[in-house]
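Numbering (the working numbering), first residue to last: 255 to 373. For glycine and all other residues, C-beta sits at the position ideal for the given N, C-alpha and C. Notes follow once the structure below has been shown.
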């Protein structure tokens, strides 16, 4: 992947539920449950602010906190819930294989932090 492709990937919305890509029949539904983030040893800051939108629910689901700044050279796993609860009630994943819900793009931000030059 090129840097431009990586950048586009970070800004894309992803379906929360979709048809599984496995070949086994009957066709199953897959739900986004984990997001793996590896931060490099580089002069950058990585922050994460997950946002999920669901059909028939008011607003969106998030952490309710400021974006979390991740440490460099670490491996993180963001675990998402299976059932969401909000002002419109509990959202339990429906039976079926259609695309439902959205994990919003821009949840992970990467910013270059220039290193101070020493003279």
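Could you give the first and the last residue of the continuous beta strand (DSSP E) run that contains residue 284? 283-285
Name, in chain order, the residues that DSSP records as bridge partners for residue 272. 284
What does the alpha-carbon distance come out to for the pair residue 294 and residue 322? 16 Å
Determine the closest residue to residue 276 out of 351, 347 and 361, with distance taken between C-alpha atoms. 351
Name the residue from 282, 266 and 291 whose alpha carbon lies nearest to the alpha carbon of residue 327. 291
Counting only the same chain and skipping the five closest in sequence on each side, list residues whose C-beta sits under 6 Å from that of residue 264. 362
Residue 340, buried or exposed, once every other Cβ within 10 Å from all chains shown has been counted against 16: exposed
Might you give, ordered along the chain, the residues of its own chain that have their beta carbon closer than 6 Å to the beta carbon of residue 358, omitting 5 neighbours on each side? 267 and 305
Of the residues 368, 270, 262 and 366, the one placed nearest residue 314, counting alpha carbons only: 270
Using 9 Å as the threshold, is the C-beta distance between residue 324 and residue 300 below it? yes
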